[in-house]
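For the sequence shown, our numbering assigns the number 2 to the initial residue and increments by one for each residue that follows.
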Amino acid sequence: MATARRVRSAEWIAAAAEPSGFPPPREPEIALLGRSNVGKSSLLNRLVGRRGLARTSGTPGKTRLLHWYRVERGDDVFALVDLPGYGFAKVSKAERKVWQRLVEAYLDGRRALRVAVLLQDLRRDWSEDESLLLDWLAERRVPALVAVTKCDKEKPMRRALRERALRSAIGLPVERVIATSATSGLGIDDLWRAIEREL
Ligand code: GTP
Ligand code: MG
Numbered sequence: 002m003a004t005a006r007r008v009r010s011a012e013w014i015a016a017a018a019e020p021s022g023f024p025p026p027r028e029p030e031i032a033l034l035g036r037s038n039v040g041k042s043s044l045l046n047r048l049v050g051r052r053g054l055a056r057t058s059g060t061p062g063k064t065r066l067l068h069w070y071r072v073e074r075g076d077d078v079f080a081l082v083d084l085p086g087y088g089f090a091k092v093s094k095a096e097r098k099v100w101q102r103l104v105e106a107y108l109d110g111r112r113a114l115r116v117a118v119l120l121q122d123l124r125r126d127w128s129e130d131e132s133l134l135l136d137w138l139a140e141r142r143v144p145a146l147v148a149v150t151k152c153d154k155e156k157p158m159r160r161a162l163r164e165r166a167l168r169s170a171i172g173l174p175v176e177r178v179i180a181t182s183a184t185s186g187l188g189i190d191d192l193w194r195a196i197e198r199e200l
């Protein structure tokens, strides 16, 4: 069973800086969404088991484009979409507008989109930005999951406390919030299972 569900291949297929550059939708798509530096590209790499596939960086604002990755897992074929992060302090108002236009165009108009995974750093508080995004997705009937990231960064006791606080702030059903770590692999199987329920 575990081997049948293995990722058989993962490859970068396209990047876009604006809606006119979005590739034609071929496979069902899973979007990774969240604050800059929250760990989107790292989680993507961990999900497919390919360390260097998506570029990651300690400098926030690394991923400025949308990137599509075609993934074969078991008998399924789909695309993971790495979205540019928001909330990066050094970004100008004009750039923020560009982000908003780009990401909204994707989330609003992409018929291939099956599920949006919103990432939330374990050590940060759930904010208005994340809340608004979840509401926005719900209004558009896009199924949403939350991946709590970087769970390896806290000791078990503190982690459990943070997780509980976040779950209550997020307010989604328990199976829609998944504690993860791209470093240790925590929660990766659970996240796959949650994603596959939506495909
Ligand atoms: P942008 O592309 O700038 O929006 O960032 P991103 O959300 O893609 O974040 P990225 O994956 O580049 O990770 C940002 C930083 O966090 C990098 O230094 C990663 O190594 C680190 N990081 C990501 N996930 C984890 C994790 O699970 N555990 C730990 N310890 N560090 C992580
Ligand atoms: Mg990134």
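A virtual CB, placed ideally from N, CA and C, is assigned to each residue, including glycine.
- Proximity of the beta carbon of T57 to ligand 2 is indicated: a heavy atom of the ligand is located closer than 7 angstroms.
- Residue pairing of D77 in beta bridges, as defined by DSSP: R74.
- Taking 8 angstroms as the cut-off, the beta carbon of G35 is found closer than this to the beta carbon of L119.
- Between A161 and N38, the alpha-carbon positions lie close to 22 angstroms from each other.
- Counting only the Cα atoms, M158 lies some 42 angstroms from A18.
- Fewer than three pairs of CB atoms, one per stretch, sit closer than 8 angstroms, so the stretch 116-130 makes no contact with the stretch 96-105.
- Distance from the CA atom of A195 to the CA atom of R47, rounded to whole angstroms, is 16 angstroms.
- It is roughly 24 angstroms from the alpha-carbon of T184 to the alpha-carbon of R198.
- Looking from the CA of G110, the closest CA among G59, A148 and P24 belongs to P24.
- The closest CA to that of R142, considering only R115, T150, K151 and I171, is found on R115.
- Inter-residue distance for S43 and V149 is about 13 angstroms (C-alpha atoms, whole angstroms).
- Under a 10 Å Cβ-count criterion, S182 is classified as buried, with 16 or more other Cβ atoms of the shown protein chains found around its own Cβ.
- DSSP lists no beta-bridge partner residue for Y107.
- The beta carbon of K156 sits no closer than 7 angstroms to any heavy atom of ligand 1.
- Distance from the C-beta of G86 to the nearest heavy atom of ligand 2 is below 7 angstroms.
- With fewer than 16 other CB atoms across the displayed protein chains lying within 10 angstroms of its CB, P174 is exposed.
- According to the DSSP assignment, E30 belongs to the beta strand (DSSP E) that extends over E30 to G35.
- Annotated three-state conformation of A11 is strand, per DSSP.
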